[in-house]
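*Asks:* Under the UniProt record's numbering, the first residue of the sequence shown carries the number 1, and numbering increases by one thereafter.
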Amino acid sequence: MGERVLKTIVKELESAKYYSISVDSTPDLSHVDQLTFIVRYVKDGEPIERFLQFLPMEGHNAQNIADIILNFFDSLDIPIKDCRGQSYDNASNMSGKYYGVQSRIKEVCEYAIYVPCAAHSLNLVGVQAVQCITETVAFFQFVQKLYNFSASTKRWKILTEHLGVNRVLKSLSETRWSADAKAINALRNGYLNISEALSSIASDNSQQGDTRIEAQSLVKKMEKLETVLLTEIWNDILEIMNKTSLSLQNSTMTMDVVTKLYKSLISYVNNARNNFNQYETAAKEKNPDADYKDKFERRGFVAHA
1 MGERVLKTIV
11 KELESAKYYS
21 ISVDSTPDLS
31 HVDQLTFIVR
41 YVKDGEPIER
51 FLQFLPMEGH
61 NAQNIADIIL
71 NFFDSLDIPI
81 KDCRGQSYDN
91 ASNMSGKYYG
101 VQSRIKEVCE
111 YAIYVPCAAH
121 SLNLVGVQAV
131 QCITETVAFF
141 QFVQKLYNFS
151 ASTKRWKILT
161 EHLGVNRVLK
171 SLSETRWSAD
181 AKAINALRNG
191 YLNISEALSS
201 IASDNSQQGD
211 TRIEAQSLVK
221 KMEKLETVLL
231 TEIWNDILEI
241 MNKTSLSLQN
251 STMTMDVVTK
261 LYKSLISYVN
271 NARNNFNQYE
281 TAAKEKNPDA
291 DYKDKFERRG
301 FVAHA
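1) With a Cβ-Cβ cutoff of 9 Å, do Ile-113 and Arg-84 count as a contact?
2) Determine the extent of the beta strand (DSSP E) in which Arg-40 is found, giving its start and end residues.
3) Can you check whether the CB of Ile-233 is closer than 9 Å to the CB of Tyr-279?
4) Suppose you measure from the CA of Leu-76 to the CA of Gly-59; what does that come to, to the nearest Å?
5) Quick one: Cα of Ala-305 to Cα of Ser-150, how far?
6) Taking the alpha helix (DSSP H) that Ile-201 falls in, what are its first and last residues?
7) Out of curiosity, what's the CA-to-CA distance linking Lys-7 and Ala-16?
8) State yes or no: is the C-beta of Ala-186 within less than 9 Å of the C-beta of Asn-242?
9) Can you give me the start and stop residues for the beta strand (DSSP E) that Val-168 sits inside?
10) What did DSSP end up calling Ser-15 once you bin it into helix, strand or coil?
11) Express the C-alpha separation of Lys-220 and Ser-103 in angstroms, rounding to a whole number.
12) Within 8 Å, do at least three Cβ pairs link the region 82 to 99 to the region 115 to 131?
13) According to DSSP, simplified to helix, strand and coil, what is Gly-2?
14) What does the alpha-carbon distance come out to for the pair Asp-236 and Ala-66?
15) Hey, could you find the ends of the beta strand (DSSP E) Ser-87 is sitting in?
16) If you draw a straight line from the C-alpha of Asn-201 to the C-alpha of Val-258, how long is it?
17) Roughly how far, in whole angstroms, is the beta-carbon of Ile-194 from the beta-carbon of Leu-159, given that I think they are within contact range, below 8 Å?
18) Between the alpha carbons of Phe-276 and Asn-270, how many angstroms are there, rounded?
19) Does DSSP put Glu-46 in a helix, a strand or coil?
20) Which runs of the alpha helix (DSSP H) fall wholly inside the region 74 to 161 and span at least 4 residues, in chain order?
21) Report all residues from its chain with a CB closer than 8 Å to the CB of Tyr-147; omit the five preceding and five following residues, and keep chain order.
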(Lines of atoms letter the chains of each structure in order from A; the text may use other names.)
(Lines give C-alpha, C1' and ligand atoms only; values in the text may rest on other atoms or scores of the structure.)
Protein backbone atom coordinates (compact mmCIF):
# COMPACT_ATOMS: atom_id res chain seq x y z
CA MET A 1 0.00 0.00 0.00
CA GLY A 2 2.76 2.41 1.01
CA GLU A 3 4.74 1.63 -2.15
CA ARG A 4 1.70 2.34 -4.33
CA VAL A 5 1.12 5.70 -2.65
CA LEU A 6 4.80 6.59 -3.03
CA LYS A 7 4.74 5.71 -6.74
CA THR A 8 1.64 7.87 -7.24
CA ILE A 9 3.35 10.84 -5.59
CA VAL A 10 6.49 10.32 -7.69
CA LYS A 11 4.37 10.35 -10.86
CA GLU A 12 2.77 13.62 -9.80
CA LEU A 13 6.23 15.01 -9.13
CA GLU A 14 7.36 14.02 -12.61
CA SER A 15 4.38 15.87 -14.09
CA ALA A 16 5.00 18.96 -11.97
CA LYS A 17 8.77 18.79 -12.67
CA TYR A 18 9.81 21.40 -10.11
CA TYR A 19 9.44 20.88 -6.37
CA SER A 20 10.68 21.92 -2.94
CA ILE A 21 11.69 19.75 -0.02
CA SER A 22 11.23 19.88 3.74
CA VAL A 23 13.17 17.55 6.01
CA ASP A 24 12.99 17.23 9.78
CA SER A 25 14.10 14.70 12.38
CA THR A 26 11.70 12.99 14.77
CA PRO A 27 12.19 10.11 17.24
CA ASP A 28 10.17 6.91 16.76
CA LEU A 29 8.72 4.80 19.59
CA SER A 30 12.13 3.25 20.25
CA HIS A 31 13.63 6.78 20.52
CA VAL A 32 15.64 6.36 17.31
CA ASP A 33 15.84 9.57 15.28
CA GLN A 34 14.39 9.38 11.80
CA LEU A 35 14.28 11.86 8.94
CA THR A 36 10.85 12.92 7.74
CA PHE A 37 10.72 13.68 3.99
CA ILE A 38 8.08 16.07 2.66
CA VAL A 39 7.80 17.49 -0.86
CA ARG A 40 5.77 20.40 -2.19
CA TYR A 41 4.84 20.96 -5.80
CA VAL A 42 2.14 22.57 -7.91
CA LYS A 43 -0.78 20.60 -9.31
CA ASP A 44 -3.56 22.24 -11.29
CA GLY A 45 -2.36 25.63 -10.11
CA GLU A 46 -2.54 24.72 -6.41
CA PRO A 47 0.32 23.96 -3.97
CA ILE A 48 0.40 20.31 -2.91
CA GLU A 49 2.26 18.95 0.13
CA ARG A 50 3.03 15.24 0.39
CA PHE A 51 4.80 13.09 2.96
CA LEU A 52 7.18 10.64 1.29
CA GLN A 53 8.88 8.47 3.87
CA PHE A 54 10.69 8.06 7.19
CA LEU A 55 14.36 7.12 6.97
CA PRO A 56 16.72 6.28 9.87
CA MET A 57 19.41 8.86 10.55
CA GLU A 58 23.02 7.74 10.34
CA GLY A 59 24.34 10.84 12.06
CA HIS A 60 23.43 14.42 12.88
CA ASN A 61 26.15 16.22 10.97
CA ALA A 62 25.24 18.13 7.81
CA GLN A 63 27.11 15.91 5.36
CA ASN A 64 25.44 12.72 6.61
CA ILE A 65 21.97 14.24 6.39
CA ALA A 66 22.65 15.75 2.96
CA ASP A 67 23.86 12.36 1.70
CA ILE A 68 20.67 10.68 2.97
CA ILE A 69 18.56 13.28 1.15
CA LEU A 70 20.48 13.01 -2.12
CA ASN A 71 20.59 9.20 -2.07
CA PHE A 72 16.87 8.99 -1.28
CA PHE A 73 15.81 11.19 -4.19
CA ASP A 74 18.25 9.39 -6.46
CA SER A 75 16.66 6.04 -5.50
CA LEU A 76 13.28 7.43 -6.61
CA ASP A 77 14.72 8.82 -9.86
CA ILE A 78 13.69 12.32 -8.79
CA PRO A 79 16.27 14.74 -10.26
CA ILE A 80 17.70 16.94 -7.52
CA LYS A 81 18.47 19.53 -10.21
CA ASP A 82 14.71 20.22 -10.38
CA CYS A 83 14.56 21.16 -6.70
CA ARG A 84 13.67 24.84 -6.36
CA GLY A 85 13.38 25.21 -2.62
CA GLN A 86 14.37 23.66 0.70
CA SER A 87 13.01 24.37 4.17
CA TYR A 88 14.34 23.11 7.51
CA ASP A 89 14.50 24.32 11.09
CA ASN A 90 17.11 26.81 12.23
CA ALA A 91 19.58 24.31 13.72
CA SER A 92 23.11 25.09 12.55
CA ASN A 93 23.60 21.64 11.00
CA MET A 94 20.57 22.30 8.78
CA SER A 95 20.61 26.05 8.13
CA GLY A 96 24.35 26.81 8.27
CA LYS A 97 25.33 29.20 5.47
CA TYR A 98 28.59 27.45 4.63
CA TYR A 99 28.43 23.96 6.13
CA GLY A 100 24.73 23.29 6.77
CA VAL A 101 22.55 20.83 4.86
CA GLN A 102 21.06 23.68 2.83
CA SER A 103 24.52 24.70 1.57
CA ARG A 104 25.39 21.07 0.69
CA ILE A 105 22.20 20.77 -1.37
CA LYS A 106 22.92 24.10 -3.09
CA GLU A 107 26.31 22.78 -4.14
CA VAL A 108 24.42 20.18 -6.18
CA CYS A 109 21.52 22.41 -7.23
CA GLU A 110 22.14 26.16 -7.07
CA TYR A 111 18.44 26.92 -7.58
CA ALA A 112 17.35 25.13 -4.39
CA ILE A 113 16.72 28.32 -2.41
CA TYR A 114 16.70 27.85 1.36
CA VAL A 115 13.76 29.28 3.33
CA PRO A 116 13.82 28.69 7.12
CA CYS A 117 10.71 27.06 8.57
CA ALA A 118 8.43 30.01 9.34
CA ALA A 119 6.77 28.41 12.38
CA HIS A 120 10.10 27.31 13.87
CA SER A 121 11.55 30.79 13.33
CA LEU A 122 8.59 32.33 15.16
CA ASN A 123 9.07 29.84 17.99
CA LEU A 124 12.73 30.85 18.38
CA VAL A 125 11.83 34.54 18.44
CA GLY A 126 9.33 33.90 21.23
CA VAL A 127 11.76 31.82 23.29
CA GLN A 128 14.55 34.40 23.00
CA ALA A 129 12.17 37.28 23.80
CA VAL A 130 11.07 35.60 27.03
CA GLN A 131 14.66 34.87 28.08
CA CYS A 132 15.42 38.60 27.94
CA ILE A 133 13.03 39.38 30.81
CA THR A 134 13.78 37.86 34.21
CA GLU A 135 10.23 38.50 35.51
CA THR A 136 8.78 36.56 32.59
CA VAL A 137 11.25 33.70 33.01
CA ALA A 138 10.19 33.45 36.66
CA PHE A 139 6.51 33.61 35.65
CA PHE A 140 6.74 30.67 33.26
CA GLN A 141 8.71 28.71 35.85
CA PHE A 142 5.84 29.36 38.27
CA VAL A 143 3.27 28.11 35.72
CA GLN A 144 5.19 24.85 35.27
CA LYS A 145 5.72 24.50 39.03
CA LEU A 146 1.97 24.91 39.49
CA TYR A 147 1.29 22.05 37.06
CA ASN A 148 3.99 19.83 38.60
CA PHE A 149 2.51 20.38 42.05
CA SER A 150 -0.91 19.20 40.84
CA ALA A 151 0.52 15.97 39.41
CA SER A 152 -0.24 13.74 42.40
CA THR A 153 -3.60 11.93 42.32
CA LYS A 154 -4.77 13.42 45.63
CA ARG A 155 -3.92 17.02 44.71
CA TRP A 156 -5.31 16.59 41.19
CA LYS A 157 -8.63 15.48 42.70
CA ILE A 158 -8.80 18.59 44.87
CA LEU A 159 -8.01 20.87 41.93
CA THR A 160 -10.60 19.25 39.64
CA GLU A 161 -13.21 19.62 42.39
CA HIS A 162 -12.58 23.37 42.35
CA LEU A 163 -12.05 23.74 38.60
CA GLY A 164 -14.09 21.04 36.89
CA VAL A 165 -12.64 18.38 34.57
CA ASN A 166 -12.66 20.67 31.53
CA ARG A 167 -10.58 23.44 33.10
CA VAL A 168 -7.65 21.56 34.60
CA LEU A 169 -4.10 22.90 34.67
CA LYS A 170 -1.87 22.13 31.70
CA SER A 171 1.87 21.69 31.34
CA LEU A 172 4.05 24.00 29.28
CA SER A 173 5.05 22.63 25.88
CA GLU A 174 8.56 21.19 25.53
CA THR A 175 8.68 21.81 21.77
CA ARG A 176 6.43 24.68 20.72
CA TRP A 177 6.63 27.81 22.83
CA SER A 178 3.46 29.28 21.32
CA ALA A 179 1.55 26.15 22.42
CA ASP A 180 2.02 27.38 26.01
CA ALA A 181 -1.13 29.40 25.25
CA LYS A 182 -3.22 26.47 26.57
CA ALA A 183 -1.36 26.41 29.88
CA ILE A 184 -1.66 30.17 30.40
CA ASN A 185 -5.31 30.20 29.33
CA ALA A 186 -6.12 27.44 31.83
CA LEU A 187 -4.45 29.48 34.57
CA ARG A 188 -6.27 32.67 33.56
CA ASN A 189 -9.72 31.09 33.38
CA GLY A 190 -9.41 29.26 36.68
CA TYR A 191 -7.24 31.72 38.59
CA LEU A 192 -9.34 32.20 41.74
CA ASN A 193 -10.45 28.55 41.82
CA ILE A 194 -6.83 27.41 41.60
CA SER A 195 -5.87 29.75 44.43
CA GLU A 196 -8.76 28.44 46.55
CA ALA A 197 -7.73 24.83 45.86
CA LEU A 198 -4.15 25.57 46.89
CA SER A 199 -5.35 27.30 50.07
CA SER A 200 -7.45 24.22 50.83
CA ILE A 201 -4.38 21.99 50.47
CA ALA A 202 -2.25 24.36 52.57
CA SER A 203 -4.74 24.20 55.47
CA ASP A 204 -5.35 20.45 55.21
CA ASN A 205 -3.70 18.71 58.19
CA SER A 206 -3.89 15.36 56.39
CA GLN A 207 -1.39 16.61 53.81
CA GLN A 208 2.34 16.21 54.35
CA GLY A 209 4.17 19.21 55.76
CA ASP A 210 6.27 19.93 52.67
CA THR A 211 3.14 19.73 50.50
CA ARG A 212 1.34 22.30 52.65
CA ILE A 213 4.37 24.61 52.62
CA GLU A 214 4.66 24.40 48.83
CA ALA A 215 0.93 25.04 48.40
CA GLN A 216 1.16 28.11 50.64
CA SER A 217 4.16 29.36 48.64
CA LEU A 218 2.17 29.05 45.40
CA VAL A 219 -0.80 30.86 46.96
CA LYS A 220 1.44 33.77 47.97
CA LYS A 221 2.76 33.95 44.41
CA MET A 222 -0.80 34.08 43.05
CA GLU A 223 -1.72 36.85 45.50
CA LYS A 224 0.79 39.15 43.84
CA LEU A 225 -0.78 41.52 41.34
CA GLU A 226 2.33 41.03 39.19
CA THR A 227 1.39 37.37 38.68
CA VAL A 228 -2.22 38.16 37.71
CA LEU A 229 -1.01 40.92 35.40
CA LEU A 230 1.50 38.68 33.61
CA THR A 231 -1.19 36.03 33.24
CA GLU A 232 -3.46 38.53 31.46
CA ILE A 233 -0.68 39.86 29.22
CA TRP A 234 0.74 36.50 28.18
CA ASN A 235 -2.69 34.99 27.65
CA ASP A 236 -3.32 37.60 24.94
CA ILE A 237 0.13 37.41 23.36
CA LEU A 238 0.37 33.62 23.33
CA GLU A 239 -3.13 33.23 21.95
CA ILE A 240 -2.33 35.32 18.87
CA MET A 241 1.12 33.75 18.52
CA ASN A 242 -0.31 30.24 18.66
CA LYS A 243 -2.93 31.08 16.04
CA THR A 244 -0.20 32.56 13.83
CA SER A 245 2.02 29.52 14.33
CA LEU A 246 -0.78 27.13 13.37
CA SER A 247 -1.56 29.21 10.27
CA LEU A 248 2.11 29.15 9.25
CA GLN A 249 2.00 25.34 9.27
CA ASN A 250 -0.87 25.19 6.78
CA SER A 251 0.11 22.97 3.84
CA THR A 252 -1.13 25.61 1.37
CA MET A 253 0.83 28.46 2.97
CA THR A 254 2.62 30.83 0.58
CA MET A 255 5.47 33.29 1.21
CA ASP A 256 3.33 36.39 0.69
CA VAL A 257 0.85 35.20 3.33
CA VAL A 258 3.73 34.37 5.71
CA THR A 259 4.91 37.98 5.41
CA LYS A 260 1.41 39.32 6.09
CA LEU A 261 1.03 37.08 9.15
CA TYR A 262 4.37 38.24 10.56
CA LYS A 263 3.48 41.91 10.02
CA SER A 264 0.07 41.46 11.61
CA LEU A 265 1.62 39.77 14.66
CA ILE A 266 4.25 42.51 15.06
CA SER A 267 1.52 45.16 14.89
CA TYR A 268 -0.55 43.32 17.52
CA VAL A 269 2.37 43.02 19.95
CA ASN A 270 3.36 46.66 19.45
CA ASN A 271 -0.19 47.76 20.23
CA ALA A 272 -0.25 45.53 23.32
CA ARG A 273 2.62 47.59 24.74
CA ASN A 274 0.23 50.54 24.97
CA ASN A 275 -2.53 48.61 26.75
CA PHE A 276 -1.03 48.46 30.25
CA ASN A 277 -4.04 50.16 31.88
CA GLN A 278 -6.37 47.65 30.24
CA TYR A 279 -4.32 44.67 31.44
CA GLU A 280 -3.96 46.11 34.94
CA THR A 281 -7.72 46.68 35.20
CA ALA A 282 -8.41 43.12 34.03
CA ALA A 283 -5.91 41.78 36.58
CA LYS A 284 -7.54 43.70 39.44
CA GLU A 285 -10.99 42.48 38.38
CA LYS A 286 -9.66 38.92 38.26
CA ASN A 287 -8.32 39.12 41.81
CA PRO A 288 -9.45 42.29 43.66
CA ASP A 289 -7.43 41.34 46.76
CA ALA A 290 -4.14 41.09 44.87
CA ASP A 291 -1.54 43.83 45.23
CA TYR A 292 1.97 44.55 44.00
CA LYS A 293 4.39 42.78 46.33
CA ASP A 294 7.76 43.12 44.56
CA LYS A 295 9.68 46.27 43.71
CA PHE A 296 7.82 47.21 40.59
CA GLU A 297 8.29 50.25 38.40
CA ARG A 298 5.34 50.71 36.11
CA ARG A 299 7.34 52.64 33.53
CA GLY A 300 10.02 49.96 33.36
CA PHE A 301 7.42 47.21 33.03
CA VAL A 302 5.75 48.90 30.06
CA ALA A 303 9.12 49.00 28.31
CA HIS A 304 9.42 45.24 28.71
CA ALA A 305 5.81 44.19 28.14
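From the three backbone atoms N, C-alpha and C, an ideal C-beta is built for every residue, glycine too.
*Replies:* In short:
1) yes
2) 33 to 43
3) yes
4) 22 Å
5) Because Ala-305 sits at a pLDDT of 40, beneath the cut-off of 50, its placement in the model cannot be relied upon, and the point is left open.
6) 191 to 202
7) 14 Å
8) no
9) Per DSSP, Val-168 belongs to no beta strand (DSSP E) and is neither H nor E.
10) helix
11) 53 Å
12) yes
13) helix
14) 40 Å
15) 83 to 87
16) In the sequence on display, residue 201 carries Ile and not Asn. Their Cα atoms are separated by approximately 47 Å.
17) Confirmed, about 7 Å.
18) 12 Å
19) strand
20) 92 to 95, 101 to 108, 118 to 131, 134 to 149
21) The answer, listed in chain order, is Leu-169, Lys-170, Ser-171, Leu-172, Ala-183.
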